[in-house]
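Here's the structure we're looking at; comments come further down.
Residue numbers (the numbering used here): 240 to 343.
Quick look at the structure:
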């Protein structure tokens, strides 16, 4: 484990060490998209609850997260970098396939 990893483990979960202080990670478009992706995967039952270890499915909330990403895609059209656009396209494609299989 590197020195930086040891130091960041002193921070509360979800925070990182920056300039000797525990802070929330920088807000970026990529981090925001990945946050919504994680929420959708969790609600699809793909990710277990970190406290209980149980997987729960809530397709209504999964669809809401996917719809939010769709809205984000619509509202940011023409304003994203190529990498951001590709990320959003890939995440939406993957989530929609998973949702269709589950909702079946």
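From the three backbone atoms N, C-alpha and C, an ideal C-beta is built for every residue, glycine too. This one's a predicted model, so the numbers in the text were calculated from it and none came from an experiment.
Exercise for the section: Alpha carbon to alpha carbon, how far is residue 250 from residue 339? Give it in angstroms, no decimals. Expected result: As a working note, residue 339 is residue 100 in the chain shown. As a working note, residue 250 is residue 11 in the chain shown. Approximately 39 Å between the Cα atoms of the pair.
Practice task
Check whether the stretch 299-306 touches the stretch 249-266, counting contact only when three or more Cβ pairs, one atom from each stretch, lie closer than 8 Å.
Solution key: no
Problem - Cut-off 7 Å between Cβ atoms - residues of its own chain near residue 325, not counting five sequence neighbours on either side - result: Counting from one through the chain shown, the residue named residue 325 turns up at place 86. Excluding five sequence positions before and after residue 325, none of the CB atoms of its chain fall closer than 7 Å to its own CB.
Practice task
Taking 8 Å as the threshold, find out whether the stretch 289-298 comes into contact with the stretch 311-327 through three or more Cβ pairs.
Solution key: no
Handout entry: Whether residue 254 touches residue 266 by CB criterion (8 Å)
Key = Within the chain shown, residue 254 is the residue found at index 15, counting from 1. Within the chain shown, residue 266 is the residue found at index 27, counting from 1. No, the Cβ-Cβ distance between residue 254 and residue 266 is not below 8 Å.
Problem - Under the three-state DSSP convention, the category residue 272 falls into - result: On the chain shown, position 33 is the one that residue 272 refers to. Collapsing the DSSP output to three states places residue 272 in a helix.
Exercise for the section: Give a yes or no on whether the C-beta atoms belonging to residue 330 and residue 311 are separated by under 8 Å. Expected result: As a first step, residue 330 is located in the chain shown; it is residue number 91 there, counting from the start. As a first step, residue 311 is located in the chain shown; it is residue number 72 there, counting from the start. No; because the gap between Cβ atoms is not below 8 Å, this pair is not in contact.
Exercise for the section: For the beta strand (DSSP E) containing residue 262, list its first residue and its last residue. Expected result: Residue 262 sits at position 23 when you count from the first residue of the chain shown. Counting along the chain, the beta strand (DSSP E) containing residue 262 begins and ends at 260-262.
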